[in-house]
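K.L.:
One line per chain: the protein sequences are S and U, in this order. The first sequence begins at 23 in this note's numbering and counts up by one. The second sequence begins at 6 in this note's numbering and counts up by one. Where is the CB? At the ideal position from N, CA and C, for every residue including glycine. Here the structure is a predicted model, which means the values were calculated and not measured.
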Amino acid sequence: MHDFEYESPRTLAEAVTLLTTGDSRPLAGGTDLIDHMRTGRFRPALVVDLKKIPELGQLIADAQGLRLGAAVPCYKLQACSTIRDQYAAIADAVSIIGGVQIQNRATVGGNLCTSGPAADSASALLALGAQCVIAGPKGSRTVPLEQFFTGPGKNVLQAGELLVEITCPAPAPKSGSNYRRFIPRNEMDIAVVGVGVSVTLDAAGQTITAARIGLGAVGPTPILATDAAQALIGKPANDASYKAAGEAARTQTSPIDDMRGTVEFRRHVTGVLVERSLREAVARARGETHFHAHVRLPCN
Amino acid sequence: MSRKRAVTCTINGHEEQFLTEPRQTLLSALRDTLDMTGTKEGCSNGNCGACTVILDGLPVVSCLVLAVECDGSRVDTIEGVAQPEKLSPVQQSFLENAALQCGICTPGFIMQTGALLKDNPNPTEDEIRFYLAGNLCRCTGYDKIVKAVQQTAETAGAC
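#1: To the nearest angstrom, how far is the alpha carbon of Glu-302 of chain S from that of Ala-72 of chain U?
#2: In whole angstroms, what is the alpha-carbon distance linking Asn-322 of chain S and Cys-14 of chain U?
#3: Would a check of beta-carbon distances place Thr-311 of chain S closer than 8 Å to chain U?
#4: Is the Cβ-Cβ distance between Cys-56 of chain U and Gly-47 of chain U less than 8 Å?
#5: Within 8 Å (strictly less), CB to CB, does Phe-26 of chain S reach chain U?
#6: Closer than 8 Å, CB to CB, is Thr-57 of chain U near chain S or not?
#7: Quick check on this structure: which residue in S:Ala-152, S:Ser-263, S:Leu-300, S:Ala-271 has the alpha carbon closest to the alpha carbon of Arg-288 of chain S?
#8: Alpha carbon to alpha carbon, how far is Ala-323 of chain S from Lys-152 of chain U?
#9: Between Ala-232 of chain S and the rest of its own chain, which residues show a CB-CB distance below 6 Å, the 5 nearest in sequence each way excluded?
#10: Distance check for Ala-194 of chain S and Gln-86 of chain S, CA to CA, integer angstroms please.
#11: Helix, strand or coil for Ser-98 of chain U? Go by DSSP, reduced to three states.
#12: Where does the unbroken beta strand (DSSP E) through Gly-161 of chain S begin, and where does it stop?
#13: Looking at Asp-57 of chain S and Asn-140 of chain U, is the spacing between their C-beta atoms short of 8 Å?
#14: Who pairs with Asn-177 of chain S in a beta bridge, going by DSSP?
#15: Do the region 85-102 of chain U and the region 147-162 of chain U touch if we need at least three Cβ pairs shorter than 8 Å?
#16: Leaving out the 5 sequence neighbours to the left and right, which residues in its chain are closer than 7 Å to Asn-127 of chain U when beta-carbon positions are compared?
#17: Please report the residue range of the beta strand (DSSP E) in which Asn-260 of chain S lies.
#18: What residue range is occupied by the uninterrupted beta strand (DSSP E) comprising Leu-223 of chain S?
#19: At 3 residues or longer, and completely inside the region 183-216 of chain S: list those beta strand (DSSP E) runs for me, N to C.
#20: For a contact defined as C-beta to C-beta under 9 Å, what are the partners of Asp-124 of chain U on chain S?
#21: Using alpha carbons as the reference points, say which of S:Gln-153, S:Asn-208, S:Lys-196, S:Glu-187 lies closest to Glu-2 of chain U.
#22: Nearest to Glu-77 of chain S by alpha carbon, out of S:Ser-117, S:Thr-189, S:Thr-273, S:Ala-239?
#23: So, at 6 Å on beta carbons, what are the nonlocal neighbours of Ser-98 of chain U in its own chain, with the 5 sequence-adjacent residues on each side left out?
#24: Starting from Cys-14 of chain U, follow its DSSP beta bridges and name the residues at the other end.
#25: Can you pull the chain U neighbours of Asn-126 of chain S, defined as C-beta to C-beta under 7 Å?
#26: Determine the closest residue to Ile-75 of chain S out of S:Ala-83, S:Arg-60, S:Arg-89, S:Val-94, with distance taken between C-alpha atoms.
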């Protein structure tokens with residue numbers, strides 16, 4: 023690895039100052055950055071460790087919504103019962119990013135800032151209406167997640183800026199969400215197609231009153247499939263609606279052929295996963311099922 | 006040239022202090038600086054789990070942790086698993102079940118298994134395979150490893 027300096031500031035202001043000195047990169051979990059430095063993809067002169075900054079490590083879930091610090095590790099998110107109950111798509115995503123060892127270090131903030139089109143947390147958060155709170159030398163700004171990504175590996179962060187937290191609105195009653203992906207093996211792979219959905223049902227639990235669909239690995243950035251989701255509003259929560267949404271979502275993708283899948287395969291699987299994800303999100307909205315962890319979780 | 010940093014941490018219960026450059030991974034600090042070569046290097050990018058250690062109570066891949074991040078932390082490695090005169094139950098079970106051949110993945114599997122059984126003393130087969138998904142083995146085909154974990158859990162339960 024190239025030689026670099028390392029600082030571990032304790033305040034956000036200090037971190038911004040350090041990151042504004044040009045050739046620097048922020049470090050949270052390190053599961054992307056350290057590998058990228060090892061391969062030479064990034065060669066910052068200074069690495070700024072964000073893990074001692076309080077704002078980046080906080081996790082607040084209350085009636086106002088969710089405030090997820092950018093440096094909170096994946097395992098803490100899965101362990102949070104409010105996230106499992108009310109923002110289940112996030113639990114789905116963080117429980118399958120890499121494996122257990124990765125989840126003990128990796129963060130959603132880092133996942134978003136690496137800005138891979140296949141990022142598992144991205145589709146889940148798009149479905150949940152996430153906003154990115156960014157701090158920088160010129161102050162603070164908030165960007166809807168669907169505007170955060172600008173290309174493969176690229177995002178709107180300017181020199182000296184860092185992602186501080188991700189916020190999601192509190193879900194309406196009778197809401198449910200889900201994230202799922204297609205991978206060739208059982209675990210550890212990068213998504214060939216990733217789908218995050220959230221739905222809200224009417225009081226009777228029969229009609230869809232709100233929906234959001236996020237798609238990953240089927241375009242140069244994670245995609246918010248607005249048209250496909252809008253078409254669900256007012257529709258009955260049944261298989262025919264999910265199928266139609268799946269077909270509509272396919273038309274909103276622009277996948278490429280690569281070693282993980284072909285355009286044709288990805289388009290097809292997008293529709294399949296949207297259907298299945300909607301079915302699960304509706305079942306969760308109705309209280310018929312809920313997020314199941316693959317590991318035993320601490321009670322909280 | 007970067008400033009060298011002094012890192013103080015507790016490794017297998019003993020306080021250790023060493024000098025490191027920021028670019029040195031925890032894996033390299035263990036193997037190259039501290040001569041603790043029980044932890045193995047496999048892929049260097051967090052996929053294979055051969056470098057698994059327990060950092061502040063959590064299993065992590067040490068190839069993706071910088072040594073400087075471990076100042077003030079507790080690290081547990083394979084060197085701390087066996088008792089002076091006998092193998093740990095996990096090690097004994099791996100041996101009896103032929104859950105290793107070349108052995109390069111084994112320290113990582115043993116550390117990860119220890120973490121699994123601490124969190125979940127009675128895991129299902131699915132839970133075992135999921136928890137160990139970050140550890141790759143080219144020799145055994147995994148079934149004997151899973152059996153060894155199951156036997157460890159059963160034996161512990163029986164005591």
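P.N.:
Well, looking at it:
#1: Roughly 42 Å separates the two Cα atoms.
#2: Low local confidence applies: a pLDDT of 47 at Asn-322 of chain S is under 50, so the model's placement there is unreliable, with the coordinate-based value given in what follows. Distance from the CA of Asn-322 of chain S to the CA of Cys-14 of chain U, rounded to the nearest whole angstrom, comes to 30 Å.
#3: No, Thr-311 of chain S lies away from the interface with chain U (no Cβ there is under 8 Å from its Cβ).
#4: Taking 8 Å as the Cβ cut-off, Cys-56 of chain U and Gly-47 of chain U qualify as a contacting pair.
#5: Closer than 8 Å: yes.
#6: Judged by the 8 Å Cβ criterion, Thr-57 of chain U is in contact with chain S.
#7: Nearest C-alpha to Arg-288 of chain S: S:Ala-271.
#8: The requested residue 323 of chain S does not occur in the structure, where chain S is confined to residues 23 to 322.
#9: Taking Ala-232 of chain S as the centre and dropping the five residues before and after it, the same chain places the C-beta of Thr-222 closer than 6 Å to its C-beta, in chain order.
#10: Answer to the nearest angstrom: the Cα atoms are 11 Å apart.
#11: Ser-98 of chain U sits in a helix when the DSSP states are folded into three classes.
#12: Here the beta strand (DSSP E) through Gly-161 of chain S covers 161-166.
#13: Result no, Cβ atoms of Asn-140 of chain U and Asp-57 of chain S do not sit closer than 8 Å.
#14: Answer by DSSP bridge pairing, in chain order: S:Phe-171.
#15: These segments touch.
#16: Residues Ala-158, Gly-162 of the same chain have their beta carbon placed closer than 7 Å to that of Asn-127 of chain U, with the five preceding and five following residues left out of the count.
#17: First-last for Asn-260 of chain S: undefined, no H or E at that position.
#18: 215-223 is the span of the beta strand (DSSP E), which, as asked, contains Leu-223 of chain S.
#19: The qualifying runs are 184-191, 197-204.
#20: Per Cβ cutoff of 9 Å: Val-317, Arg-318, Leu-319, Pro-320.
#21: Given that chain U is displayed from residue 6 to residue 164, the structure contains no residue 2 of chain U and the question cannot be resolved.
#22: Looking at the Cα atoms, S:Thr-189 is the closest of the given residues.
#23: Listed in chain order, the non-local C-beta contacts of Ser-98 of chain U below 6 Å within the same chain comprise Ala-153, Gln-156, Thr-157, local neighbours out to five positions each way being set aside.
#24: Cys-14 of chain U is bridged to U:Glu-21.
#25: What Asn-126 of chain S touches in chain U: Leu-63, Pro-64, Val-65.
#26: Here the closest residue by C-alpha is S:Val-94.
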